[in-house]
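Engineer: Could you have a look at this structure, given as structure tokens, before my questions?
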Amino acid sequence: MALLHVLPPELVHAIAYDAAVLTASDIVALACTCSRLHAALLGSPFSAARAHALAGIDVCIRRKLWYGAHRIVAAPAPAVDPHRSESDPLARTGGLAAIFDAADPLCRGWRKLVAALLDVNATTRPLRFGSRRTDTYVAMQVDRSVGVLAWSCGRDLPDLALELITAHKSLSPGAARQAGLVAALKDQLEVLKLLIVRGDFDLCALGDTALRIAARFGAVRTFEYLLASPEADPTAGGNYALHMAAEFGYLAIIQSLLGDSRVDLAAAHPVHAVKAAAESNHLDIVKLLLAHPDVDTTAAASAALLAASEFGHADVLAYLLTHTDANPSIRNSSALYMAAQSGSVAAVVLLLDDARVDPDAGHNAALFWASYHGHVDVVTTMLAHPRVDPSLDPGPLTTARRAGHLHIVHLLAAAGCPE
33 MALLHVLPPE LVHAIAYDAA VLTASDIVAL ACTCSRLHAA LLGSPFSAAR AHALAGIDVC
93 IRRKLWYGAH RIVAAPAPAV DPHRSESDPL ARTGGLAAIF DAADPLCRGW RKLVAALLDV
153 NATTRPLRFG SRRTDTYVAM QVDRSVGVLA WSCGRDLPDL ALELITAHKS LSPGAARQAG
213 LVAALKDQLE VLKLLIVRGD FDLCALGDTA LRIAARFGAV RTFEYLLASP EADPTAGGNY
273 ALHMAAEFGY LAIIQSLLGD SRVDLAAAHP VHAVKAAAES NHLDIVKLLL AHPDVDTTAA
333 ASAALLAASE FGHADVLAYL LTHTDANPSI RNSSALYMAA QSGSVAAVVL LLDDARVDPD
393 AGHNAALFWA SYHGHVDVVT TMLAHPRVDP SLDPGPLTTA RRAGHLHIVH LLAAAGCPE
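Counting from 33, one number per residue, gives the positions in the sequence shown under this note's numbering.
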């Protein structure tokens with residue numbers, strides 16, 4: 033120790049860090065013995081980063097010591113292989129997820145770390161978007177192990193993705209594919225365009241997948257850009273784009289598809305699309321599709337009416353009841369009992385007020401299911417309606433009693449429902 037403080041700082045630094053003997057705690061303890069050693073061991077950002085790296089990447093990520101983490105990732109030592117494995121230090125810390133969870137895009141050290149991770153093709157678990165259905169879809173399309181570029185796009189950092197792509201003359205096919213598909217999902221058109229222009233993203237091989245992803249997540253700009261490509265097939269996957277846009281309510285995408293000569297709506301199972309829009313309460317899309325000459329409205333309007341009734345969407349139901357091809361009495365007036373099951377008073381009233389609907393169909397099925405599910409407001413509304421006769425069948429009262437809905441039992445008994 034007596035000799036260390038008289039040695040040149042460069043030599044002290046080499047002894048402490050390059051001998052690979054001292055831990056981070058040892059370095060700090062040594063630096064605290066005198067100001068000269070402190071300056072030599074911790075006095076510069078370079079020295080501090082080396083000390084931080086000795087603490088391990090888990091500590092660096094947890095404490096946001098980005099320059100230290102960068103040194104670990106950029107080091108050639110096999111002990112810090114960034115690929116997920118049991119011995120991977122990134123895996124123990126949550127991998128790229130932990131780094132992007134603690135993202136500090138304005139920090140140069142953090143950006144250097146991310147660039148280094150791209151250099152070594154680091155990957156980690158799938159992206160998460162908050163919905164199990166969405167996450168499963170993304171994992172199936174993008175891959176179950178994704179890299180830095182995809183994470184940059186997925187965490188809404190397109191500027192970082194553009195910077196990383198520009199800084200690398202070539203990307204691995206997997207990294208480019210993942211980034212392009214996630215950029216399509218997030219409607220980050222500039223990122224996708226750059227990948228396509230550079231030749232990293234194979235539009236011929238992946239264009240239809242990107243198109244379907246854009247349709248599924250309502251990425252309108254990306255969808256229209258991809259649709260304009262002569263290689264695009266808007267009917268791919270059994271007209272997946274049309275059906276997803278209808279289900280999730282992306283009117284602009286539906287309009288683009290209907291205006292594309294490659295889409296044969298009559299052959300695209302439009303009944304399913306109209307039904308999906310009705311189930312999800314997208315009235316504007318229901319209207320648009322039913323107004324199209326290639327849609328068989330005889331089947332589509334009634335299917336949509338049943339779907340709207342089942343999910344209690346009164347606005348869609350009100351429109352469909354005015355449509356000449358919608359028949360609310362099909363399947364023994366099942367629209368009414370579906371609406372009763374949903375608990376939507378507004379939908380039930382609309383159907384009860386329609387003369388085509390038999391409120392007593394199926395042995396008072398509508399009243400039965402409303403009683404079974406405990407929908408007091410629906411039961412009260414039905415009992416007050418002049419077209420409903422609760423005395424026809426004991427089923428509603430029996431099922432209400434078995435289900436423990438005592439208030440409904442009293443209502444039915446008072447209205448004359450038999451035991």
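Built from N, CA and C at the ideal position, the CB exists for glycine as well.
Report all residues from its chain with a CB closer than 6 Å to the CB of ALA277; omit the five preceding and five following residues, and keep chain order.
Structural biologist: ALA247, ILE285, ILE286
Engineer: By the 10 Å Cβ neighbour count, where 16 or more other Cβ atoms means buried, how is CYS185 classified, buried or exposed?
Structural biologist: Buried: at least 16 other Cβ atoms inside 10 Å.
Engineer: Assuming LEU338 is part of the alpha helix (DSSP H), what are its boundary residues?
Structural biologist: 329-342
Engineer: Please report the distance separating the alpha-carbon of SER423 from that of GLY448.
Structural biologist: 6 Å
Engineer: Could you tell me which of VAL60, ILE245, GLY291, LEU192 sits nearest to GLU222, measuring between CA atoms?
Structural biologist: LEU192
Engineer: Excluding five sequence neighbours on each side, which residues of the same chain lie with their C-beta closer than 7 Å to the C-beta of GLY375?
Structural biologist: GLY344, HIS405, HIS407, VAL410
Engineer: Out of LEU297, ARG230, SER334, ALA335, which one is the CA nearest neighbour of GLY326?
Structural biologist: Contrary to the premise, residue 326 reads as Asp rather than Gly in this sequence. Nearest C-alpha to ASP326: LEU297.
Engineer: Please report the straight-line C-alpha distance between ILE228 and GLY270, rounded to a whole angstrom.
Structural biologist: About 25 Å.
Engineer: Among the residues of its own chain, which have a CB less than 7 Å from the CB of LEU86, if the five just before and after it don't count?
Structural biologist: Closer than 7 Å at the Cβ level, and outside the excluded window around LEU86, lie THR55, ALA56, ILE59.
Engineer: Please look up how many angstroms separate the CB atoms of ILE245 and LEU217, rounded, as I've assumed it's under 8 Å.
Structural biologist: 5 Å
Engineer: For the alpha helix (DSSP H) holding LYS96, just list the boundary residues, first then last.
Structural biologist: Per DSSP, LYS96 belongs to no alpha helix (DSSP H) and is neither H nor E.
Engineer: Here's the rule: buried if 16 or more other CB atoms are within 10 angstroms of the residue's CB, otherwise exposed. What is ASP328?
Structural biologist: The Cβ neighbour count for ASP328, taken over all protein chains shown within 10 Å, is under 16; the residue is labelled exposed.
Engineer: When you compare only the Cα positions, how much space is there between ALA242 and PRO266?
Structural biologist: 11 Å
Engineer: Suppose you measure from the CA of ALA48 to the CA of LEU69; what does that come to, to the nearest Å?
Structural biologist: 10 Å
Engineer: So, helix, strand or coil for VAL229, using DSSP?
Structural biologist: helix
Engineer: Cβ of ALA446 within 8 Å of Cβ of ILE440?
Structural biologist: no
Engineer: Reducing DSSP to helix, strand and coil, say where THR412 ends up.
Structural biologist: helix
Engineer: List the DSSP bridge partners of GLY179.
Structural biologist: THR155
Engineer: By the three-class DSSP mapping on this structure, what secondary structure does SER403 have?
Structural biologist: helix
Engineer: Which term fits PHE78, buried or exposed, when burial requires 16 or more other beta carbons within 10 angstroms of its beta carbon?
Structural biologist: exposed
Engineer: Give the single residue among THR413, VAL306, ASP425, SER202 whose Cα lies nearest to the Cα of GLU451.
Structural biologist: ASP425
Engineer: When the Cα atoms are used, what is the spatial distance from THR330 to HIS442?
Structural biologist: 42 Å
Engineer: Going by beta carbon distance, what residues of the same chain come within less than 7 Å of ALA371, once the five residues before and after it are set aside?
Structural biologist: SER341, GLY344, ALA379, VAL380, LEU383
Engineer: Closer than 6 Å by C-beta to ASP232: which residues in its own chain qualify, once you throw out the five before and the five after it? Chain order, please.
Structural biologist: Excluding sequence neighbours, ASP232 sits near LEU203, ALA208.
Engineer: Let me make sure I understand the geometry here. Which of HIS355, SER293, CYS64, LEU338 has the alpha-carbon closest to that of LEU320?
Structural biologist: HIS355
Engineer: I believe HIS275 touches ALA308 by the beta-carbon criterion, under 8 Å. Please report the beta-carbon distance rounded to the nearest angstrom.
Structural biologist: 6 Å
Engineer: For SER119, count neighbouring C-beta atoms within 10 Å of its own C-beta (all shown protein chains included) and say buried if the count is 16 or more, exposed if not.
Structural biologist: Low confidence applies here, because SER119 scores a pLDDT of 40, under 50, leaving its location unreliable; read the following figure in that light. That one is exposed.
Engineer: My output table needs one value for ASP50: the three-state DSSP class, helix, strand or coil.
Structural biologist: ASP50 sits in a helix when the DSSP states are folded into three classes.
Engineer: Quick one: give me the first and last residue of the alpha helix (DSSP H) that LYS307 is part of.
Structural biologist: 302-311
Engineer: Just to confirm the assignment, what range does the alpha helix (DSSP H) spanning GLU279 have?
Structural biologist: 268-280
Engineer: If you follow the alpha helix (DSSP H) that PHE255 is part of, which residue opens it and which one closes it?
Structural biologist: 252-259
Engineer: Under 8 Å by Cβ, that's how I've got ALA336 and ALA310 pegged, so tell me the actual separation to the nearest angstrom.
Structural biologist: 4 Å
Engineer: On a Cα-Cα basis, can you pick out the residue from ALA393, SER403, ALA130 that is closest to ILE93?
Structural biologist: Ranking the options by Cα distance to ILE93, first place goes to ALA130.
Engineer: Should ARG388 be labelled buried (16 or more other beta-carbon atoms within 10 Å of its own) or exposed?
Structural biologist: exposed
Engineer: Can you tell me where the alpha helix (DSSP H) with GLY88 in it begins and where it stops?
Structural biologist: No alpha helix (DSSP H) holds GLY88; DSSP gives it neither H nor E.
Engineer: Pull up the CB-CB distance for LEU224 and GLY212, whole angstroms please, since I reckon it's below 8 Å.
Structural biologist: 5 Å
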